[in-house]
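A.B. asks:
Shown next, in the form of structure tokens:
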């Protein structure tokens with residue numbers, strides 16, 4: 002993979018410091034912050050969750066709240082112009098599908114370094130993205 006400025010770089014953001022560092026890394030690989038696409042993936046709510054049962058939570062409200070939170074987390078001149086995207090679904094699939102839809106040249110993401118039971122139960126989003134992505138994936142060690 003040539004290390005020339007990238008046209009589109011996708012960065013999954015989960016609000017952790019590591020994911021913000023991944024955004025910083027992505028900014029070093031592009032000519033303009035507008036070429037960095039920060040994506041946050043919300044989980045699908047089960048039909049049995051209280052907010053769904055009582056109709057107090059809807060996907061549009063969740064997405065709007067997450068987008069506002071992401072804009073606040075990425076406030077500052079350094080992050081001005083970054084494209085913010087919020088979707089709902091399986092993180093590995095949503096990140097990979099979004100990257101393909103914009104013809105991203107690279108996905109930059111942190112590895113949270115889970116091992117053992119927590120990795121077995123939670124899974125590794127980075128590993129899933131690496132398997133599903135159509136473009137190179139740069140995984141930053143935490």
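In my numbering, the protein residues as written are 2 to 143. Glycine included, every Cβ here is placed at the ideal spot set by N, Cα and C.
According to DSSP, simplified to helix, strand and coil, what is residue 13?
C.D. replies: For the purposes of this step, residue 13 is taken as residue 12 along the chain shown, with counting starting at 1. Residue 13: strand per DSSP, three-state reduction.
A.B. asks: What first and last residue would you give for the alpha helix (DSSP H) that runs through residue 111?
C.D. replies: As a first step, residue 111 is located in the chain shown; it is residue number 110 there, counting from the start. Here residue 111 belongs to no alpha helix (DSSP H); instead the beta strand (DSSP E) covers 107-112.
A.B. asks: Could you tell me which uninterrupted beta strand (DSSP E) segments, each at least 3 residues in length, are contained entirely in the region 56-99, listed from first to last along the chain?
C.D. replies: 84-89
A.B. asks: What are the boundary residues of the alpha helix (DSSP H) that includes residue 31?
C.D. replies: What you label residue 31 is simply residue 30 of the chain shown in a count that begins at 1. Counting along the chain, residue 31 falls outside any alpha helix (DSSP H), and DSSP gives it neither H nor E.
A.B. asks: Can residue 127 and residue 110 be called in contact, C-beta distance under 7 Å?
C.D. replies: Looking up residue 127 in the chain shown gives position 126. Looking up residue 110 in the chain shown gives position 109. Going by C-beta atoms, residue 127 is nearer than 7 Å to residue 110.
A.B. asks: Taking residue 46 as part of the alpha helix (DSSP H), name the residues at either end of that continuous run.
C.D. replies: Counting from one through the chain shown, the residue named residue 46 turns up at place 45. It is not in any alpha helix (DSSP H) - residue 46 carries neither H nor E in the DSSP assignment.
A.B. asks: Just grab the DSSP bridge partners of residue 134 for me.
C.D. replies: Residue mapping note: residue 134 aligns to position 133 of the chain shown, counting from 1. BP columns for residue 134 are empty, so no partner.
A.B. asks: What whole-angstrom Cβ distance do residue 96 and residue 108 have, given they're in contact under 8 Å?
C.D. replies: As a working note, residue 96 is residue 95 in the chain shown. As a working note, residue 108 is residue 107 in the chain shown. Yes, residue 96 and residue 108 are in contact; Cβ-Cβ is about 7 Å, under 8 Å.
A.B. asks: Pull up the distance between the alpha-carbon of residue 24 and that of residue 50, whole angstroms please.
C.D. replies: In the chain shown, counting from the first residue as 1, residue 24 sits at position 23. In the chain shown, counting from the first residue as 1, residue 50 sits at position 49. Cα to Cα, residue 24 sits roughly 32 Å from residue 50.
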